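Going by my numbering, the sequence shown opens with residue 126, and the numbers climb by one from there.
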Amino acid sequence: MDRLQGSAWQYVAEVLHAEDLPMIAAHALVDGHDSPALRELAGLSRRSDAAEIREVYVQALDELDIHLPDEETAGRRLLVSLAFGLVRRELSPKEVTDRLSMTVAAHTQEETQFLSIAAEYSEWIGPDDLPAWEHDLQAAARSLAVSTDLDPSISVQVSLPE
């Protein structure tokens with residue numbers, strides 16, 4: 126899945142900020158995509174009006190025949206990408222919980238288990254309980270990663286807070 130197509134589910138899952146979209150458009154142009162709205166988006170500043178950026182982004186996707194997924198599909202892709210990020214050691218267990226920023230509906234037993242364990246995290250979890258929770262989350266992530274029918278190359282691009 127290329128970067129621009131991957132951005133569509135991330136946009137719906139609300140893990141991309143409007144200010145990230147012009148750079149994604151610039152990369153998409155370099156990757157060989159082209160449309161009038163994509164060029165316009167690539168030329169916008171990160172500090173442009175967020176509503177304008179989002180509008181031009183959606184228009185660019187439409188011009189390139191890239192469809193925005195429904196919220197359930199975007200949420201499932203988010204869950205799977207977080208599980209793969211944990212399995213690949215690209216994310217810590219705490220980063221996984223921090224990035225579950227939207228209400229996600231699990232579709233499979235493995236997704237439900239992963240989401241359930243992730244939701245058990247609290248900043249007040251005791252130091253004695255933390256290793257067991259991390260172990261359980263890792264196990265659920267591995268189970269989800271091997272069972273999913275979604276593309277394993279998906280990953281989440283998230284802006285760091287400024």
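Idealized CB from N, CA, C, for every residue including glycine.
Just so you know, these numbers come straight off a predicted model, no measurement behind them.
| Query | Result |
| --- | --- |
| Reduced DSSP secondary structure (H/G/I, E/B, other) of I242 | helix |
| Proximal residues to V283 (C-beta, below 7 angstroms), its chain only, five neighbours per side dropped | Residue confidence for V283 is low, a pLDDT of 43 falling below 50, so the modelled location carries little weight; the figure read from the coordinates is stated next. The answer, listed in chain order, is V140 and R224. |
| Any non-hydrogen atom of the ligand ADP closer than 7 angstroms to I191 Cβ | Absent from the structure shown: the ligand ADP. Ligands present: none. |
| Cβ contact (3+ pairs, closer than 8 angstroms) linking the stretch 210-224 and the stretch 156-172 | no |
| Residue from H142, S247 and P194 with nearest C-alpha to T177 | Before going on, a small fix: residue 177 reads as Glu here, not Thr. Of H142, S247 and P194, the residue nearest in Cα terms is H142. |
| For S288, three-class secondary structure by DSSP | Outside the displayed span of the chain (126 to 287) sits residue 288, for which this structure offers no information. |
| Alpha-carbon to alpha-carbon, L204 and A231 | 8 angstroms |
| Range of the contiguous alpha helix (DSSP H) that encloses T198 | E196 to V212 |
| Nearest residue (CA-CA) to A297, options D253, G168, Q263 and A167 | Any property of residue 297 remains undetermined from this structure, which presents the chain solely from 126 to 287. |
| Per-residue burial, G168 [other beta carbons within 10 Å of its own, 16 or more giving buried] | exposed |
| Start-to-end residues for the alpha helix (DSSP H) that takes in D187 | A175 to E188 |
| Residue from Q184, D145 and L193 with nearest C-alpha to R171 | D145 |
| Whole-angstrom distance between D253 and R128, CA atom to CA atom | 40 angstroms |
| Pairwise C-alpha distance: G251 and H152 | 43 angstroms |
| Cut-off 6 angstroms between Cβ atoms - residues of its own chain near T273, not counting five sequence neighbours on either side | V205 |
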